[in-house]
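Number of protein chains: 2
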Amino acid sequence: MNIIILTHGEWGKYLIESSKMIVGDFRDIYFIPLNPKDTLEEFYKKVFSLVEALNEKVIFITDIAGGTTTNTALKIAYKNKLKVLSGLSAPLLFEVISSIEELENEEVIDEIIKEARDNCKDVLKEILAGGNNE
Amino acid sequence: MNIIILTHGEWGKYLIESSKMIVGDFRDIYFIPLNPKDTLEEFYKKVFSLVEALNEKVIFITDIAGGTTTNTALKIAYKNKLKVLSGLSAPLLFEVISSIEELENEEVIDEIIKEARDNCKDVLKEILAGGNNE
Chain A
891 MNIIILTHGE WGKYLIESSK MIVGDFRDIY FIPLNPKDTL EEFYKKVFSL VEALNEKVIF
951 ITDIAGGTTT NTALKIAYKN KLKVLSGLSA PLLFEVISSI EELENEEVID EIIKEARDNC
1011 KDVLKEILAG GNNE
Chain B
891 MNIIILTHGE WGKYLIESSK MIVGDFRDIY FIPLNPKDTL EEFYKKVFSL VEALNEKVIF
951 ITDIAGGTTT NTALKIAYKN KLKVLSGLSA PLLFEVISSI EELENEEVID EIIKEARDNC
1011 KDVLKEILAG GNNE
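As you go down the protein sequences, you meet chains A and B in turn.
In terms of our numbering, the first sequence has 895 at position 5, counting the first letter as 1, and numbering is strictly consecutive.
In terms of our numbering, the second sequence has 944 at position 54, counting the first letter as 1, and numbering is strictly consecutive.
If you want it as structure tokens, here you go:
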């Protein structure tokens, strides 16, 4: 399975680089930025060409649901029954990478989303309330 | 209120840049990367010095709960009763920016976390199930 990261601007590329500080090197990850000068059609074509080149074995991770990155991924995903996970963050990316061999399992995807959501929190409040900071 | 973003590596800086594509320019946001060559003590000192310079009116957003960025923010936050929100993503940052004047309200923080979590999802699955893609 290949991961395609789509973000407004270049930040997804740097998140991938930073992730290697934590989880080590990994392959099968691709990145396409949506730049201010891109037309919607140009962006769509770039993403579609990459999916074709990867023979459709891909999962998208996009930066924000409701945004152009996600909507572009959805157009391609809908036709080809691909996954689109939105709300890119370090924990979401780490969870996807660590489950890369199991991404065709719906329950694994649900668990990835849950873990990423749980990592987004008011940390000190949760500690003071007796929650777990992991 | 000032926002301090802490990430492993430089990606937080680029997320801030990208955010300006979507929400326009904004001030009162600061960024400190944790670089591979930083010692824990060096990183702590950099963050602590910035908090002192900003006169403690800050909210932290960190990349991953359980990581060094978050744990460093927590040390400072605990003493000074500051907020630490983990799981940095585009929706989390946008929500914080759009509520910048109301961040001392606990309910606003809870709503920010909820919105950011909700934006992290299996998008096509939710659409096909009749959910809302906003």
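All C-beta atoms, glycine included, are put in the ideal place defined by N, C-alpha and C.
Note that the structure is predicted; figures quoted are calculated from it, not measured.
With a threshold of 16 other CB atoms inside 10 Å of the CB of residue i, please say whether the residue is buried or exposed.
i	result
residue 909 of chain B	buried
residue 988 of chain A	exposed
residue 983 of chain B	buried
residue 974 of chain A	buried
residue 896 of chain A	buried
residue 976 of chain A	buried
residue 913 of chain A	exposed
residue 1019 of chain B	exposed
residue 1006 of chain A	buried
residue 943 of chain A	exposed
Once the 5 residues before and after residue i are set aside, which same chain residues still bring their CB inside 8 Å of it?
i	result
residue 891 of chain A	918, 947, 948, 949, 990, 991, 993 and 994
residue 986 of chain B	893, 949, 951, 975, 993 and 1002
residue 999 of chain A	973, 975 and 993
residue 930 of chain B	958 and 962
residue 906 of chain A	895, 919, 921 and 983
residue 955 of chain B	976 and 977
On a CA-only basis, which of the options is nearest residue i? Give me that one, please.
i	options	result
residue 1015 of chain A	B:972, B:926, B:902 and B:954	B:972
residue 963 of chain A	B:904, B:961 and B:1013	B:1013
residue 953 of chain B	A:904, A:1017, A:1018 and A:898	A:904
residue 901 of chain A	A:969, A:915, A:978 and A:927	A:978
residue 1028 of chain A	B:932, B:1011 and B:936	This structure gives no information on residue 1028 of chain A, because the portion of chain A shown stretches from 891 to 1024.
By Cβ distance below 7 Å, which residues in the same chain neighbour residue i in space, the five residues on each side in sequence not counted?
i	result
residue 957 of chain B	898
residue 938 of chain B	966
residue 940 of chain B	894, 920 and 922
residue 915 of chain A	none
Suppose the cutoff is 6 Å on Cβ atoms and the five residues either side in sequence are ignored; what does the same chain contact list for residue i look like?
i	result
residue 1009 of chain B	981
residue 970 of chain B	946
residue 1023 of chain A	Residue confidence is low: residue 1023 of chain A scores 46 on pLDDT, short of 50, so the model does not pin down where it sits. Its coordinate-derived value is still stated next. Excluding positions up to five away in sequence, the list reads 1017.
residue 934 of chain A	962
residue 911 of chain B	none
residue 1004 of chain B	none
residue 925 of chain B	none
residue 936 of chain B	922
*Residues from the segment 1005–1016 of chain A in contact with chain B, defined by Cβ distance under 7 Å*: 1006, 1007, 1009, 1010, 1011, 1012, 1013 and 1014
_Pairs of beta-carbons, one from the segment 989–996 of chain A and one from the segment 920–927 of chain B, closer than 8 Å: are there three or more?_
no
*Pull out every residue of the segment 899–920 of chain A whose Cβ sits closer than 9 Å to any Cβ of chain B, in chain order.*
899, 900, 901, 902, 903, 904, 905, 906, 907, 908, 909, 910, 911 and 912
*Of all the residues that make up the segment 973–989 of chain A, which are near chain B by a beta-carbon distance shorter than 9 Å?*
973, 974, 975, 976, 977, 978, 979, 980, 981, 982 and 984
*For the segment 947–966 of chain B, which residues have a CB atom closer than 7 Å to at least one CB atom of chain A, in sequence order?*
953, 954, 955, 956, 960 and 964
_Contacting positions in the segment 929–942 of chain A - beta carbon closer than 7 Å to chain B_ = none
*What are the residues of the segment 988–1002 of chain A that lie near chain B, defined by any Cβ-Cβ distance shorter than 7 Å?*
999
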